[in-house]
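First the structure, in the form of structure tokens, and then the observations on it.
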Amino acid sequence: MSDYPSYPPPPPPEGYGGYGQPARAEPPASISTSFNIILGVLALSALSTVLSFVYLDELVEAANVDTAGIDLDAARSSAMIGAVIGFLVFGALWVLFGVFLRKGANWARIVLSILVALGLVFGLLGLSREQPVVFLLLSLAQLALYAALMYFMWRPESTAYLKGRQA
């Protein structure tokens, strides 16, 4: 036996230590805000989809489409089904890209930027056509959200977070 007192070993370090997974960095506020904006865009899209059912006749009139020889009930049904399916598919993709953005995937920011750029172009073109006032207001709100999304996704702290997650 030794003349020195015996002490228990020190407790293990917190977390994973040097060999496990790295500590998960929380996304900066700009990334969280970007995700919330994506949810806002989806909410406006859902509202637009619902209102397109309510204002379907006005939208057809505003489009100046010749409806002679067209089964209007079948056209309405097809338009409604297409709108719902389109919203569900593209909405799910937007949420998926938003989740990957929050997890630090730079490619998700690039894809979202392309989608936002397309949305801005088509949204601005859509402002020139005749439409009910409620759709004009929704389009303006959506364009503002697109601009805000681009701003927050490309903030310096967002870039630092996404580049840090790639390393």
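Counting along the sequence shown from 1, when you hit position 103 you're at 202 in the working numbering, and nothing is skipped either side.
Ideal Cβ placement from N, Cα and C applies to all residues, glycine included.
- Rounded to the nearest whole angstrom, the C-alpha separation of Gly190 and Lys262 is 26 Å.
- DSSP assignment within the region 178-250 yields the following whole alpha helix (DSSP H) runs of 4 residues or more, N-terminal first: 205-225.
- Leu200 and Tyr260 have their C-alpha atoms roughly 10 Å apart.
- Taking 8 Å as the upper bound for CB-CB distance, Gly197 and Ile137 are in contact here, some 4 Å apart.
- At a Cβ-Cβ threshold of 8 Å, Trp193 and Leu141 count as neighbours.
- Buried is the label assigned to Ser133, since at least 16 other Cβ atoms lie within 10 Å of its Cβ.
- For the set Ile184, Ala246, Gly181 and Pro127, the Cα lying nearest the Cα of Ala216 is the one of Ala246.
- Here the region 179-189 does not lie against the region 235-243, with fewer than 3 beta-carbon pairs under 8 Å apart.
- Contact between Ser129 and Glu256 holds, with the beta-carbon distance rounding to 5 Å and staying under 8 Å.
- Within the same chain, and ignoring the five residues on either side of Leu248 in sequence, the residues whose Cβ sits closer than 8 Å to its Cβ are Ser133, Ile136, Ile137, Val140, Leu211 and Val215.
- Sequence-distant Cβ neighbours of Ser144 in its own chain, meaning closer than 7 Å and more than five residues away, are Phe186 and Gly190.
- Taking a 10 Å sphere around the C-beta of Phe221, we find fewer than 16 other C-beta atoms and assign the residue as exposed.
- When the beta-carbon positions are compared, Leu158 and Ser151 come within less than 8 Å of each other.
- With fewer than 16 neighbouring CB atoms inside 10 Å of its own CB, Pro110 falls in the exposed class.
- Boundaries of the alpha helix (DSSP H) around Gly139: Ala128 to Val153.
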